[in-house]
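S.K.:
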Amino acid sequence: MLGTAIQQLLDGITLGLVYVLLAAGLSVIFGVMNVINFAHGELAVLGAYLAVAITIQTGIGSTAFVAALVIAPFLVGIIGVALERYTVQPLYGRNPLYHILLTFGLVLVINDLVYLIWGTGSFRLPRPEVLTGTIGAFGLGVSSYNVFMIVSGTLMAFAVWALLEYTKYGLIIRAGSQDRQMVRNLGIEIDRYYSLVFGVGAGLAAFAGIILAGNRQANPELGMSIIIPAFVIVVLGGLGSFKGAVVGGLLVGILQESILRPWVPWLEGMVIFVLMIAILLIRPHGLFGTELAEEGGSERLLAGRAGGLLERGTRLKLGLVMVGVLALVPIVAGLLGNQFWVTFGSRVLVWALFALSLDFVMGYTGLVSLGHALFLGLGAYAVVLGLIHVTSSVFVALAMAIALSAAIAWIVGFLSIRVAGVYFAMITLAFAELYYNLLYRLEITGGSEGIGLIGHDYYYGIAGLGASLDDIAFFVGPVVLTGHSLFYYVVLGALVASYFVTRRMLQSPFGSVLKSIRENEERATFLGYNTVVYKRRAFVVSGAFAGLAGGLFALNNAFVSPSAAEWLKSGEVIVMVILGGMGTLYGPIIGAGAFFGLEQLLTHYTGRWRLVLGTIFVLFVIFLPRGLVSVPTLLAPYLPGGPGPAADPGQLPEDAGTEGDD
Amino acid sequence: MAAETRPHDRRTDGETILELDGLTKTFGAFAAIDDVSMTVERGEFRSVIGPNGAGKTTLFNLISGALSVTEGTVYFDGEEITDRSPPERVARGIGRSFQISNVFGGLSVRENIRLAAQADRRSEYNLLESFFKPTNRYEEINAETGRILERIDLTHVAEEEADALAYGDRRRLEIGVVLATDPDLVLFDEPTAGMSVEETRETIDLIEEVLVDQTLLLIEHDIELVMELSDRITVLNRGEILAEGTPEEIAENRDVQDAYLGGMTE
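If you read the sequences in order, they're chains A and B. Quick note on our numbering: the first sequence kicks off at 1 and runs consecutively. Quick note on our numbering: the second sequence kicks off at 1001 and runs consecutively.
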């Protein structure tokens, strides 16, 4: 009994040390550069794969293992330096949230690169013979590889600590994480150390990935699964604190492996998020972090810029033409006898609605929600469960989805909007992950299997009046519209209606305050606006529309599984908003179209289309942060007959609804 | 001497608008404001002066609500507001001016003013209207916006973006925004910092012209200007009130001369 407990404790410490190494880099990178590096997990995976490649090249054995352990982190370190130099660096001076977006793009790129080079299989790092046995001590058999992990992990952590504590570089880096400006004022070019810090952090992550890959099966998805706990640890210990990363890493490792998994497996995967939320609410700077002034946080997010080029009336007409073209899709598809474009179109329109909902809160109040999939998932499950257990009216079920998502958004907003910027992003991520993990545990949601609508009757209507889409048909010339085609119109109608409702809201006093918050929150406060209340309302509106999107998402598939709420979905919707141009409402719709259009185009050539998407996204974040909608304004000066090069740099993104009278 | 040269036509009626009672603000062991009590009369032009680190800005932040009070009480218009949030204080009539770079740069001049007027007239619309009725349909608010644009002489550039305004016009806009919140008391924290002598003069004249009916509380480094304009002056030093009185009394006060003015006045 005691033996098992000690065994479990050792497992916890082993995993904890891996976390320590990951979180230490993550935390110091944040402390010094204010960069939240989402790609940190991918760098660890990259390290593990490189190590495998090296051991295989040099012939499996102790020498090969040691060589891999030295060379792979070094290589990843160099990659880290290059990433900092060429992708992160152009973004300093912008809102730190752009680093989150950038590194999310890097996740897509690195992840697909790993797939491309090494395939999808799982593997285990070949261990040298010395480390395969068990060591007997006190009547216990401890795996010698675990001992190796503990010893090497501890040594590495100590090395980093000594580096930070006793070297000139360490001193500058520690000072930099306290107060960058002060260090600059002392005449030290702290910026030169950024690449170094990023590189060392990447190397550490690679080392952690390598030793972990010798301990358990690893695959390309490993990065996605370790990055989230690593974030929890960084938040727990305090953003920017090395000591916090060490304590937090061990704490989470032990909590996960030694307490939750053996004793209360039901709670595994949830407790850490509850802990993360609690820490962010009670002590946002974590256990050991110091309260940092959010440097650069006052920099605005860059909204799309489209207004001014076309007349207001022209744009309205253009919009109507677009809706008209979209409305023709099922008919043309019917004529061609190809239903693919209808199902594809429905999917794009659902995501367009989801992106629109995120834009309402991100583009207009500057709150970057990293957990918007929470509301997509809530809406999706609400509709499916509602149709199975409560009602057979789709409209009632959708109303339930909207109400539930709005209510949860109010609660999440009430708790999280007090913390700003990066902390808000983290706390929304935690809520979404909590919900995601809960979906696996609950019986009613069908666990990991998900839950389907097949075999359940439901109709589009209310109070018994209405019809199932499969039972009715419209005849348009030679084309019969039924089932999927009709659903397409339901989604299109929902999207157009949502667009007009949100646009109307932005022309109201409420919307005008949102815009003022985006411009200058402090000033809005001293005009007499309680900005927290306004931001919360915006979040609720956004949550409601995301819930609607989620409901339609589930109806489109007639099925829902926990993946509806995974963090990748939250990331993808942010990609769409940025691609299109945030703060414009229609930009994100265009962004969703571009996203899936690209997918469609690229899957013809490669299954790893995210590599291209990620690259494009990274380029957008760096060079075109205002998105596709701003392209015409950028090109205008160079086009013949254009309005000339006097394109106003501060141009308001959208219709500035105060003056018009429509 | 100062009274005759003052350009404004202020009236004080002896009624107290702002009262601070035993106000204290500590940061750790350091008392930035230490047991400050003072009263300001309605309509008064009051300046707060003192050496760097005297606690002037902290005092303003306690009045505007940007900082919470450690000890003591703030009364405004006869009501205790010590625990009120900044927006609640704005609603009661405490306006705060920022330096001129602090307007909503990406919004039009009209929208800047309109937002302030809208904040002041929230009773004119209900929650539903606030979400769905377009801003151009609120006649009172838009009329008020128009009046203020006239008052600050910016009607001709009303549709331009605030960022595109010339320096002097932005200064006007800033003061117009404060005026549109319909304050009874306006706090100015060094409104002329970084300005040349002429610009400083123009700014102060503008404040006096536009905000003649408001009580003004001003932090200003230009002692000459302060002496000339103020009804009364409060001198802070190390978080405490060193002296208070008319410009003449302050000029003659030995403590003030020793601690702060030094050889500046003869």
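By construction, the Cβ of each residue, glycine as well, lies at the ideal position given by its N, Cα and C atoms.
1) Using the Cα positions of B/D1189 and A/H372, report the straight-line distance between them to the nearest angstrom.
2) Closest Cβ-Cβ distance between A/N34 and chain B: below 8 Å?
3) Under 6 Å Cβ to Cβ from A/M400, same chain only, skipping five residues before and after it: list those, please.
4) Below 8 Å, how does it come out for the region 1107-1115 of chain B and the region 1188-1205 of chain B: are there three or more Cβ pairs, yes or no?
5) With 8 Å as the threshold, decide whether the Cβ of B/G1014 is near any Cβ in chain A.
6) Quick one: any contact between the region 352-360 of chain A and the region 587-602 of chain A, if contact means 3 or more CB pairs under 8 Å?
7) Less than 7 Å between C-beta atoms, sequence neighbours within five positions excluded: which residues of the same chain meet that for A/F148?
8) Nearest to A/G366 by alpha carbon, out of A/L50, A/V32, A/N37 and A/Y98?
9) Can you give me the C-alpha to C-alpha distance between B/A1070 and A/F620, rounded to a whole angstrom?
10) How big is the Cα-Cα spacing for A/L555 and A/Y458?
11) Is A/L186 buried or exposed, if buried means 16 or more other CB atoms sit within 10 Å of its CB?
12) Have a look at A/N219, A/V235 and A/R610 and flag the residue whose alpha-carbon is nearest the alpha-carbon of A/R283.
13) Would you list, in chain order, the members of the region 1132-1156 of chain B that have their beta-carbon closer than 7 Å to a beta-carbon of chain A?
14) Anything in the region 528-541 of chain A with a Cβ closer than 7 Å to a Cβ of chain B? List those residues in chain order, please.
15) Take the Cβ of A/Q217 as the centre, count every other Cβ of all protein chains shown within 10 Å, and call the residue buried at 16 or more, exposed below.
16) Apart from the five residues just before and just after A/G249, which ones in its own chain have a Cβ nearer than 6 Å to its Cβ?
17) Would you verify that the beta carbon of A/E257 is, or is not, closer than 8 Å to some beta carbon of chain B?
18) Which chain B residues sit within Cβ distance under 9 Å of A/F500?
19) Indicate the three-state DSSP secondary structure (helix, strand or coil) for B/N1102 in the structure shown.
20) Per DSSP, which residues does B/S1108 bridge with? Please list them.
21) Within the 8 Å Cβ cut-off, does A/S508 reach chain B?
22) Indicate the three-state DSSP secondary structure (helix, strand or coil) for B/E1041 in the structure shown.
23) Compare the C-beta of A/F526 with all C-beta atoms of chain B and state if any pair is closer than 8 Å.
24) Return the bridge partner residues of B/D1013 from the DSSP annotation.
25) Taking the straight line between their C-alpha atoms, what separation do you get for B/S1097 and A/G446?
26) Are the beta-carbon atoms belonging to A/L434 and A/F273 less than 8 Å from one another?
27) Where does A/L376 fall in DSSP's three states?
28) When you compare only the Cα positions, how much space is there between A/L598 and A/S516?
29) With a Cβ-Cβ cutoff of 8 Å, do B/L1018 and B/V1040 count as a contact?
30) Compare the beta carbon distance of A/F38 and A/G203 with 8 Å and say whether it is the shorter of the two.
31) Quick one: does B/R1096 have its CB under 8 Å from some CB of chain A?
32) If you run the structure through DSSP and keep just helix, strand and coil, what is A/G644?
33) At a CB-CB cut-off below 8 Å, which residues of chain B make contact with A/E519?
34) For B/G1022, which of helix, strand or coil comes out of DSSP?
35) Check whether the Cβ atoms of A/L302 and A/P96 lie closer than 8 Å to each other.
36) In the structure shown, what three-state DSSP assignment does A/E572 receive?
M.R.: On the basis of the coordinates in this document:
1) Looking up residue 1189 of chain B in the second sequence gives position 189. Looking up residue 372 of chain A in the first sequence gives position 372. Cα atoms of B/D1189 and A/H372: separation of roughly 41 Å, rounded to the nearest angstrom.
2) Counting from one through the first sequence, the residue named residue 34 of chain A turns up at place 34. A/N34 does not count as touching chain B.
3) On the first sequence, residue 400 of chain A is found 400 positions in, with the first residue counted as 1. Answer for A/M400: A382 and G386, listed in chain order.
4) The region 1107-1115 of chain B is not in contact with the region 1188-1205 of chain B.
5) For the purposes of this step, residue 1014 of chain B is taken as residue 14 along the second sequence, with counting starting at 1. B/G1014 is outside the set of residues whose beta carbon lies under 8 Å from a beta carbon in chain A.
6) Short answer: they touch.
7) The residue given as residue 148 of chain A occupies position 148 in the first sequence. Taken in chain order, the residues that qualify are L131.
8) Residue numbering aside, residue 366 of chain A sits at position 366 when the first sequence is read from its first letter. Checked all of A/L50, A/V32, A/N37 and A/Y98; the closest Cα to A/G366 is A/Y98.
9) By one-based count along the second sequence, residue 1070 of chain B stands at place 70. By one-based count along the first sequence, residue 620 of chain A stands at place 620. Per the sequence presented here, residue 1070 of chain B reads as Thr, with Ala not at that position. Whole-angstrom Cα-Cα distance: 48 Å.
10) Counting from 1 along the first sequence, the entry for residue 555 of chain A is found at position 555. Counting from 1 along the first sequence, the entry for residue 458 of chain A is found at position 458. Between the alpha carbons of A/L555 and A/Y458 lies a gap of roughly 10 Å.
11) In the first sequence, the residue the question calls residue 186 of chain A occupies position 186. Burial is judged here by how many other beta carbons sit within 10 angstroms of a residue's own beta carbon; A/L186 has fewer than 16 and is exposed.
12) Here residue 283 of chain A refers to the residue found at position 283 when the first sequence is read from its first residue. Nearest C-alpha to A/R283: A/V235.
13) Closer than 7 Å at the C-beta level to chain A, one finds these residues of the region 1132-1156 of chain B: F1132, K1133, P1134, T1135 and N1136.
14) Correct list: G528, Y529 and N530.
15) Along the first sequence, one-based indexing puts residue 217 of chain A at 217. With a 10 Å radius around the Cβ and a threshold of 16 neighbouring Cβ atoms, A/Q217 comes out exposed.
16) For this step, residue 249 of chain A is matched to residue 249 along the first sequence. So the qualifying residues of the chain are G16, Y19, V20, A23 and I233.
17) Here residue 257 of chain A corresponds to residue number 257 of the first sequence, with the count starting at 1. Taking Cβ atoms only, chain B never reaches closer than 8 Å to A/E257, which makes this a no.
18) Here residue 500 of chain A refers to the residue found at position 500 of the first sequence. By Cβ distance, chain B contributes nothing, its closest Cβ being about 11 Å from A/F500, past 9 Å.
19) For the purposes of this step, residue 1102 of chain B is taken as the residue at position 102 of the second sequence. Helix, per DSSP.
20) In the second sequence, the residue the question calls residue 1108 of chain B occupies position 108. DSSP lists B/E1161 as partners of B/S1108.
21) Sequence index remark: in the first sequence, residue 508 of chain A carries index 508 (1-based). Yes, because at least one Cβ of chain B sits closer than 8 Å to the Cβ of A/S508.
22) For the purposes of this step, residue 1041 of chain B is taken as residue 41 along the second sequence, with counting starting at 1. DSSP places B/E1041 within a strand segment (E or B) once states are collapsed to three.
23) Counting from one through the first sequence, the residue named residue 526 of chain A turns up at place 526. Taking 8 Å as the CB threshold, A/F526 lines the interface with chain B.
24) The count along the second sequence starts at 1 and reaches residue 1013 of chain B at position 13. None; B/D1013 has no bridge partner.
25) The residue labelled residue 1097 of chain B in the question sits at position 97 within the second sequence. The residue labelled residue 446 of chain A in the question sits at position 446 within the first sequence. If you take the alpha carbons of B/S1097 and A/G446, they lie about 57 Å apart.
26) Here residue 434 of chain A is taken as the residue at index 434 of the first sequence, counted from 1. Here residue 273 of chain A is taken as the residue at index 273 of the first sequence, counted from 1. Yes.
27) The residue given as residue 376 of chain A occupies position 376 in the first sequence. Here A/L376 sits in helix by DSSP.
28) To locate residue 598 of chain A, count along the first sequence from 1; it is residue 598. To locate residue 516 of chain A, count along the first sequence from 1; it is residue 516. Between the C-alpha atoms of A/L598 and A/S516 there is a straight-line separation of about 35 Å.
29) For the purposes of this step, residue 1018 of chain B is taken as residue 18 along the second sequence, with counting starting at 1. For the purposes of this step, residue 1040 of chain B is taken as residue 40 along the second sequence, with counting starting at 1. A contact, by the Cβ cut-off of 8 Å.
30) On the first sequence, residue 38 of chain A is found 38 positions in, with the first residue counted as 1. On the first sequence, residue 203 of chain A is found 203 positions in, with the first residue counted as 1. Between A/F38 and A/G203, the C-beta gap is not smaller than 8 Å, which leaves the two residues out of contact.
31) Numbered from its first residue, the second sequence carries residue 1096 of chain B at position 96. So yes, B/R1096 belongs to the interface.
32) Within the first sequence, the letter at position 644 stands for residue 644 of chain A. Unreliable placement is indicated for A/G644, whose pLDDT of 41 sits below 50; the coordinate value is still reported in the next sentence. Coil, per DSSP.
33) By one-based count along the first sequence, residue 519 of chain A stands at place 519. For A/E519, the chain B residues whose Cβ falls inside 8 Å of its Cβ are F1104, G1105, G1106 and L1107, in order along the chain.
34) Here residue 1022 of chain B corresponds to residue number 22 of the second sequence, with the count starting at 1. Strand.
35) Taking the first residue of the first sequence as position 1, residue 302 of chain A is located at position 302. Taking the first residue of the first sequence as position 1, residue 96 of chain A is located at position 96. Contact flag unset, no.
36) On the first sequence, position 572 is the one that residue 572 of chain A refers to. When secondary structure is reduced to three states using DSSP, A/E572 falls in the helix class.
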